[in-house]
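Asks: These protein sequence lines map, in sequence, to chains X and P.
Going letter by letter, the first sequence gives residues 1 to 144 in the numbering used here.
Going letter by letter, the second sequence gives residues 1001 to 1144 in the numbering used here.
For reference, the structure I am asking about is given below.
Number of protein chains: 2
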Amino acid sequence: MTERASPPAPAVVADRLHSAAIHLLRALRREDRALGVGPAKLSALSVLVFGGPRSIGALARAEQVRLPTMSRLVAALERDGLATRTPDPEDGRASRVHPTARGRSVLRQGRARRVATLARRLEQLPEADRALLSRAAELIEGLT
Amino acid sequence: MTERASPPAPAVVADRLHSAAIHLLRALRREDRALGVGPAKLSALSVLVFGGPRSIGALARAEQVRLPTMSRLVAALERDGLATRTPDPEDGRASRVHPTARGRSVLRQGRARRVATLARRLEQLPEADRALLSRAAELIEGLT
DNA sequence: TTGATTTAGTTAGCATTGCTAACTAAATTG
DNA sequence: CAATTTAGTTAGCAATGCTAACTAAATCAA
């Protein structure tokens, strides 16, 4: 079934992954936009919800952005009532960022929206392909 | 090795793919930035080089962006000497966008840069995993 | 054929999200 | 205790997404 022809060269795989990632995100961005939150905020919020509260610096590292970028994102999340900041008892410079109940709710809604588009298409794939994509996501996260 | 436990639910796969795509692109963006071109222009240029010349509208559809966005991207590509526009002989309103030699060259360089980072890591994967990622990229493109 | 509509593209203006540079203030180190 | 490092902010720039409003060419309908 699978092509045994020739093994895909790393450069080709890199190209394909790059292109696929760009197009996937563009397709999903529409849904996130409808939510009124934006992909960067949503992604940071996701780290807070699924990975637990943490400092702005830790969040920046997790999201692979610079500190000023994350500082602004957190300020926006706070303004929107999706996260709160509490002072770090150990370190007077730092603060810890927590998701709010509304933040969790918005994340669920965003996820529901993606399910309504991407997952609807995923459902039409054979289970083996779905398992393959799941494994691929793990591999990609492992690459970085 | 692989978990045989339960098949991944579409919603979970959707989440994982979304997150993986975000983080992959953030990791690669640094390299594209070093090239001085930017991911959106690079992606459009890639369509022109590998898919052939086409109108701005067709390019916008291929890239899943709106016409004004692509209009500006093409203007920038032209300004940078990476693409040219010729009038469409069939349709006085439309124009066809072609990559220039320099555009092709820049694309090769960008690809080389990605190879230098992503593909270097891909090389360390077992060939089976690489084949899996290649297949995953195809599946993702097929979803949209 | 002409008048109305559609289609291709542009321009203007806004929002988001990335960056660096330059700063403050707290923590650490010598 | 002075010097340095670390956490975070502010300011300002660039890229890239959007909608609204326009021009001009093509098409459709009467």
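Heads up, the beta-carbon is just placed ideally off N, CA and C, and yes, glycines get one too.
No experiment lies behind these values; they were computed from the predicted model shown.
Could you tell me whether any Cβ in chain P is nearer than 7 Å to the Cβ of residue 22 of chain X?
Replies: Counting from one through the first sequence, the residue named residue 22 of chain X turns up at place 22. So yes, residue 22 of chain X belongs to the interface.
Asks: Just to confirm, are residue 1021 of chain P and residue 107 of chain X a CB contact at a threshold of 7 Å?
Replies: Position 21 of the second sequence, counted from the start, is the residue given in the question as residue 1021 of chain P. Position 107 of the first sequence, counted from the start, is the residue given in the question as residue 107 of chain X. No; because the gap between Cβ atoms is not below 7 Å, this pair is not in contact.
Asks: Apply the 10 Å Cβ neighbour rule to residue 99 of chain X and answer buried if 16 or more other Cβ atoms are within range, or exposed otherwise.
Replies: Translated into the one-based positions of the first sequence, residue 99 of chain X becomes position 99. The residue in question, residue 99 of chain X, is buried, as its Cβ has 16 or more Cβ neighbours within 10 Å.
Asks: Can you tell which of X:134, X:143 and X:142 has its C-alpha closest to the C-alpha of residue 1011 of chain P?
Replies: Locating residue 1011 of chain P in the second sequence gives position 11, where the first residue counts as 1. Cα-wise, what sits closest to residue 1011 of chain P is X:134.
Asks: How close, in whole Å, do the beta carbons of residue 1143 of chain P and residue 121 of chain X come, if the pair is a contact with beta carbons under 8 Å?
Replies: In the second sequence, residue 1143 of chain P corresponds to position 143, counting from 1. In the first sequence, residue 121 of chain X corresponds to position 121, counting from 1. Contact flag correct, Cβ pair sits at about 5 Å.
Asks: Just the C-alpha distance for residue 1067 of chain P and residue 61 of chain X, rounded to the nearest angstrom, thanks.
Replies: The sequence position of residue 1067 of chain P within the second sequence is 67, counting from 1. The sequence position of residue 61 of chain X within the first sequence is 61, counting from 1. Distance between the alpha carbons of residue 1067 of chain P and residue 61 of chain X: 35 Å.
Asks: Helix, strand or coil, according to DSSP, for residue 1020 of chain P in the structure here?
Replies: The residue given as residue 1020 of chain P occupies position 20 in the second sequence. DSSP places residue 1020 of chain P in helix when its eight states are reduced to three.
Asks: Measuring only between beta-carbons, confirm whether residue 1045 of chain P sits less than 7 Å from chain X.
Replies: The residue labelled residue 1045 of chain P in the question sits at position 45 within the second sequence. So no, residue 1045 of chain P is outside the interface.
Asks: Using a Cβ-Cβ distance cut-off of 7 Å, determine whether residue 37 of chain X contacts chain P.
Replies: The residue given as residue 37 of chain X occupies position 37 in the first sequence. Not one chain P Cβ lies under 7 Å of residue 37 of chain X.
Asks: In whole angstroms, what is the alpha-carbon distance linking residue 92 of chain X and residue 102 of chain X?
Replies: The sequence position of residue 92 of chain X within the first sequence is 92, counting from 1. The sequence position of residue 102 of chain X within the first sequence is 102, counting from 1. About 27 Å.
Asks: Which residue wins for smallest C-alpha separation from residue 42 of chain X, given the options X:15, X:76 and X:57?
Replies: On the first sequence, position 42 is the one that residue 42 of chain X refers to. Nearest option by C-alpha distance: X:76.
Asks: Going by DSSP, what residue range makes up the beta strand (DSSP E) through residue 85 of chain X?
Replies: Reading the first sequence from its first residue, position 85 is the one you call residue 85 of chain X. First-last of the beta strand (DSSP E) with residue 85 of chain X: 83-87.
Asks: Would you identify the three-state DSSP class for residue 1065 of chain P, choosing helix, strand or coil?
Replies: The residue given as residue 1065 of chain P occupies position 65 in the second sequence. Coil, per DSSP.
Asks: Return the CA-CA distance between residue 109 of chain X and residue 1088 of chain P, expressed in angstroms with no decimal places.
Replies: Start at 1 with the first residue of the first sequence, and residue 109 of chain X comes out as number 109. Start at 1 with the first residue of the second sequence, and residue 1088 of chain P comes out as number 88. Answer to the nearest angstrom: the Cα atoms are 45 Å apart.
Asks: Leaving out five residues before and five after residue 40 of chain X in sequence, what residues of the same chain have Cβ atoms less than 7 Å from its Cβ?
Replies: The residue given as residue 40 of chain X occupies position 40 in the first sequence. Closer than 7 Å at Cβ, skipping near neighbours: 73.
Asks: Could you say which of X:115, X:111 and X:9 lies nearest to residue 49 of chain X if we only look at CA atoms?
Replies: The sequence position of residue 49 of chain X within the first sequence is 49, counting from 1. Of the listed residues, the one whose Cα sits closest to residue 49 of chain X is X:111.
Asks: By alpha-carbon positions, which one of P:1095, P:1140 and P:1125 ends up nearest to residue 139 of chain X?
Replies: The residue you call residue 139 of chain X lines up with position 139 of the first sequence. Cα-wise, what sits closest to residue 139 of chain X is P:1125.
Asks: With DSSP as the reference, identify every bridge partner of residue 1055 of chain P, one or two as the case may be.
Replies: Position 55 of the second sequence, counted from the first residue, corresponds to residue 1055 of chain P. DSSP, once it has assigned bridges, lists P:1096 as partnering residue 1055 of chain P.
Asks: Identify whether residue 9 of chain X lies in helix, strand or coil by the three-state DSSP scheme.
Replies: Here residue 9 of chain X corresponds to residue number 9 of the first sequence, with the count starting at 1. Residue 9 of chain X falls in the coil class under three-state DSSP.
Asks: Tell me which residues share the same chain as residue 3 of chain X and place their Cβ nearer than 6 Å to its Cβ, disregarding the 5 neighbours each side in the sequence.
Replies: Against the first sequence, residue 3 of chain X aligns to sequence position 3. Its pLDDT being 46, under 50, residue 3 of chain X is placed unreliably by the model, and the measurement read from it follows with that caveat. Correct list: empty, nothing qualifies.
Asks: Could you list which residues in chain P have their beta carbon closer than 9 Å to that of residue 10 of chain X, in chain order?
Replies: By 1-based counting over the first sequence, the position of residue 10 of chain X is 10. Here the neighbours are 1115, 1118, 1119, 1120, 1121, 1122, 1123, 1125 and 1130.
Asks: So is residue 31 of chain X buried or exposed if we call it buried at 16+ other beta carbons inside 10 Å?
Replies: Stepping through the first sequence from its first residue, residue 31 of chain X is reached at position 31. Classification of residue 31 of chain X: buried, given that the 10 Å Cβ count is 16 or more.
Asks: Do residue 1014 of chain P and residue 119 of chain X count as a contact pair if the criterion is CB distance below 7 Å?
Replies: By one-based count along the first sequence, residue 119 of chain X stands at place 119. By one-based count along the second sequence, residue 1014 of chain P stands at place 14. Yes, these two residues count as a Cβ contact at 7 Å.
Asks: When the cut-off is 7 Å and only beta carbons count, does residue 1013 of chain P lie next to chain X?
Replies: As a position in the second sequence, residue 1013 of chain P is number 13, starting the count at 1. Closer than 7 Å to some Cβ of chain X, the Cβ of residue 1013 of chain P qualifies, so yes.
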